[in-house]
Amino acid sequence: MRVEKFGLVVAAALWSISCSTGNTLEPDDLRSQVKQGIAFASEEKLFIDRVLEERISQNFARGHLKYLLREVHDAAQQAHGAVPQKAIAPQFEQYQTQMDRLEYSLAGLRLTDRSALLNTRSEIQEIQLALQHTREAL
Amino acid sequence: MKKLLGITLGIMTALGGFVDLGQIVFTMQAGALFGYELMWAIVLGTAAIIVYMEMSGRVAVVARKPIFTVIRSRLGFRLGLATLIASNLLNLITCAAELGGIAIVLHLLTGVSERILLISTTLTFVGMILALRFEWIERTFGLSGLLMVTFAISAITLKPDTGRLLRGLVPLFSQPSVKDNLLYAYFAVGIFSAMLMEYEVHFYSSGSIEENWTTDDLSENFMVASLGSILGSFLTIALLCLGAIVMLPRGIYPELLSTTTLAGAYPFAQKATLLCLLGTLACIAGAAVETALSGAYNVCQFFNLEWGKNRPVEEVKAYTAMWLAMFALAMVVALTGVRPLQLVNISIVFGMVIMPLTYYPILRMASDRSVMGKHVNSPMDSVVGAIFLILILIASIAAIPLMILTRAGKP
Numbered sequence: 145m146r147v148e149k150f151g152l153v154v155a156a157a158l159w160s161i162s163c164s165t166g167n168t169l170e171p172d173d174l175r176s177q178v179k180q181g182i183a184f185a186s187e188e189k190l191f192i193d194r195v196l197e198e199r200i201s202q203n204f205a206r207g208h209l210k211y212l213l214r215e216v217h218d219a220a221q222q223a224h225g226a227v228p229q230k231a232i233a234p235q236f237e238q239y240q241t242q243m244d245r246l247e248y249s250l251a252g253l254r255l256t257d258r259s260a261l262l263n264t265r266s267e268i269q270e271i272q273l274a275l276q277h278t279r280e281a282l
Numbered sequence: 537m538k539k540l541l542g543i544t545l546g547i548m549t550a551l552g553g554f555v556d557l558g559q560i561v562f563t564m565q566a567g568a569l570f571g572y573e574l575m576w577a578i579v580l581g582t583a584a585i586i587v588y589m590e591m592s593g594r595v596a597v598v599a600r601k602p603i604f605t606v607i608r609s610r611l612g613f614r615l616g617l618a619t620l621i622a623s624n625l626l627n628l629i630t631c632a633a634e635l636g637g638i639a640i641v642l643h644l645l646t647g648v649s650e651r652i653l654l655i656s657t658t659l660t661f662v663g664m665i666l667a668l669r670f671e672w673i674e675r676t677f678g679l680s681g682l683l684m685v686t687f688a689i690s691a692i693t694l695k696p697d698t699g700r701l702l703r704g705l706v707p708l709f710s711q712p713s714v715k716d717n718l719l720y721a722y723f724a725v726g727i728f729s730a731m732l733m734e735y736e737v738h739f740y741s742s743g744s745i746e747e748n749w750t751t752d753d754l755s756e757n758f759m760v761a762s763l764g765s766i767l768g769s770f771l772t773i774a775l776l777c778l779g780a781i782v783m784l785p786r787g788i789y790p791e792l793l794s795t796t797t798l799a800g801a802y803p804f805a806q807k808a809t810l811l812c813l814l815g816t817l818a819c820i821a822g823a824a825v826e827t828a829l830s831g832a833y834n835v836c837q838f839f840n841l842e843w844g845k846n847r848p849v850e851e852v853k854a855y856t857a858m859w860l861a862m863f864a865l866a867m868v869v870a871l872t873g874v875r876p877l878q879l880v881n882i883s884i885v886f887g888m889v890i891m892p893l894t895y896y897p898i899l900r901m902a903s904d905r906s907v908m909g910k911h912v913n914s915p916m917d918s919v920v921g922a923i924f925l926i927l928i929l930i931a932s933i934a935a936i937p938l939m940i941l942t943r944a945g946k947p
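These protein sequences, in sequence, are chains V and L.
Quick note on numbering: the first sequence equals residues 145 to 282 in our numbering.
Quick note on numbering: the second sequence equals residues 537 to 947 in our numbering.
#1: Consider the Cβ of Phe236(V): report whether some Cβ of chain L lies at a distance smaller than 8 angstroms.
#2: What do you get for Gln837(L), buried or exposed, if any count of 16 or more other CB atoms within 10 angstroms of its CB means buried?
#3: How would you list, in chain order, the residues of chain V whose beta-carbon sits under 9 angstroms from the beta-carbon of Gln806(L)?
#4: Counting only the same chain and skipping the five closest in sequence on each side, list residues whose C-beta sits under 8 angstroms from that of Glu247(V).
#5: Considering only the alpha carbon of each residue, which of Glu573(L), Leu871(L), Ile926(L) lies closest to Leu708(L)?
#6: Can you give me, in chain order, the residues of the segment 760–791 of chain L that have a beta carbon less than 7 angstroms from any beta carbon in chain V?
#7: Taking 8 angstroms as the threshold (beta carbon to beta carbon), is Gln229(V) in contact with chain L?
#8: So which residues of chain L does Arg194(V) contact, with C-beta pairs closer than 9 angstroms?
#9: DSSP three-state call for Met145(V): helix, strand or coil?
#10: Report the rounded CA-to-CA distance for Val492(L) versus Met867(L), giving the unit in angstroms.
#11: Using DSSP with H/G/I as helix, E/B as strand and the rest coil, what is Pro803(L)?
#12: May I ask you to verify whether the segment 843–855 of chain L touches the segment 752–770 of chain L, counting CB pairs closer than 8 angstroms and requiring at least 3?
#13: Please confirm whether Asn271(V) and Gln242(V) have their CB atoms less than 8 angstroms apart.
#14: Going straight from the alpha carbon of Gly787(L) to that of Lys210(V), what length do you get?
#15: Just the C-alpha distance for Arg199(V) and Leu611(L), rounded to the nearest angstrom, thanks.
#16: Would the beta-carbon of Ser741(L) be found less than 7 angstroms away from any heavy atom of the ligand PLP?
#17: Per DSSP, Val227(V) forms a beta bridge with which residues?
#18: Helix or strand or just coil, what does DSSP make of Phe613(L)?
#19: Would Trp859(L) be called buried (16 or more neighbouring beta carbons within 10 Å of its own) or exposed?
#20: If you measure between the beta carbons of Tyr720(L) and Phe562(L), is that distance less than 8 angstroms?
#21: Exposed or buried, which one is Arg258(V) when buried takes at least 16 other CB atoms within 10 Å?
#22: Determine the direct distance from the alpha carbon of Ala828(L) to that of Leu977(L), and round the result to whole angstroms.
#23: Can you tell me which of Ile607(L), Tyr802(L), Thr630(L) puts its alpha carbon nearest to the alpha carbon of Ser690(L)?
#24: For Leu645(L) and chain V, any beta-carbon pair shorter than 8 angstroms?
This is the structure in structure tokens:
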């Protein structure tokens, strides 16, 4: 009996976790996602700095870029699939726009072109600032 | 002299094999979110793993009973079987996560496709396990894991704030919001659990029988369990520091294995990135092998089947088939593309949930004078063991609610 109960608890926990990623976005959810967006932007800047300083190999840079892009893409997709509460609709729209910009900037990143890297870094800085404003407005 | 060399080698091996994928990521994430504030969870986890590892090694040596033989005798068949199934599911998930992590690290090193790397790595491990004796498997992965010291050197170079580090020894649930306090508790439980990963203890207990330890080796058991874990915990502290120094000020939340490498090599040039990658590779490779072998040990010990890495394959067919199956299934899970860090999250949380079921029987057996004779737990051992049982129970009860409330640690 105890074994069955344990199984039920585990199943209920997994179900709850899967349900917790539902599509109606509350302010707290959006705040968390914006924070994640800011973290991605910050990580991209760190990454570009490391590439510019030639502190990482080309293989590492290409691989890390691929994984980072996948994470950002997933976050951007999640945003497109979500419906925000009315009260946070403007902030949500701003978040979506910035995440798309972030994904676009990463997808077009040319690791061997120094000036392009510097330009992308500046753009990411702008995105990060915009996301910070969004966060403050929430 | 030979004994001293053996102990040193054992300690170095334990140190190198102390850290795995879950610890690398979870601890650095904790540092990135809370700075040094969860230092106490590392200290608590280290003390718990020393107690658990030493007791299980002593029980295996004195009573000649490895963990799952003890579990069956103390919990009975039904609950014991449920524990076995849960433990092996966790081993499978962890093994899949580690294999996925290895493919990522090798991809970062070579640029070759992860799928090819995943399959070739699994086949290489199978070949190595078939070819090497137990002690060489343990030493190869344990000693190469010492490359993780690069992370510690980086942390020291970046000069952690020792005052804050020491203040982190005191648990403080004083985050600005309820959500942050829950997150803090989730990471505390996560670090505690990641340091107590069951497969390490199961592997260690079986290893002491594989290596034919006798009661004369109990001092070695104590030294390896305690010094190996203490030195290993310094690596974990280094990961926390790197999270606090490199990630926290920039607001980065490391969700990728490659991000932890960036932090590990932060103060240095390109070669440090290579060393960090190799250290990570060695650690998670060791963990992959240990989880697969632990799965086989668990089943054979529970059903009283013949087992032993150092015995000819034809004498231990079920054991060999079991670890081969563990690798095959883990590889299939990893090939589905599920992210290693998601799997690690699950294995850390659910590992804590079932921890009391494996810890309690060992504590009972180690305190049983009729079995352990003069090597029974001292009153002090029993008190410390009971305190950790209570802590493990609390963490076990809190793990799933915290996982749900924090959405698996989403900041």
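Cβ atoms here follow ideal geometry from the backbone N, Cα and C, with glycine treated the same way.
As the structure is a prediction and not an experimental result, all values here were calculated from the model.
Concretely, from the data shown:
#1: no
#2: buried
#3: Glu198, Arg199, Ile200, Ser201, Phe204
#4: Leu213, Val216, His217, Ala220
#5: Glu573(L)
#6: Arg786, Gly787, Ile788, Tyr789, Glu791
#7: no
#8: Leu798, Ala801, Tyr802, Thr809
#9: Low confidence applies to Met145(V): its pLDDT is 49, below 50, so where it sits in the model is not reliable, and the reading given next is rough at best. Met145(V): coil per DSSP, three-state reduction.
#10: An answer regarding residue 492(L) cannot be provided, because it is not within the stretch 537 to 947 covered by chain L.
#11: coil
#12: no
#13: The amino acid at residue 271(V) is misidentified as Asn; the sequence shows Ile. A contact, by the Cβ cut-off of 8 angstroms.
#14: 21 angstroms
#15: 54 angstroms
#16: Looking for the ligand PLP in the displayed structure turns up nothing, as the structure carries no ligands at all.
#17: Thr168(V)
#18: helix
#19: buried
#20: no
#21: exposed
#22: The structure shown has nothing for residue 977(L), since chain L only spans 537 to 947.
#23: Tyr802(L)
#24: yes
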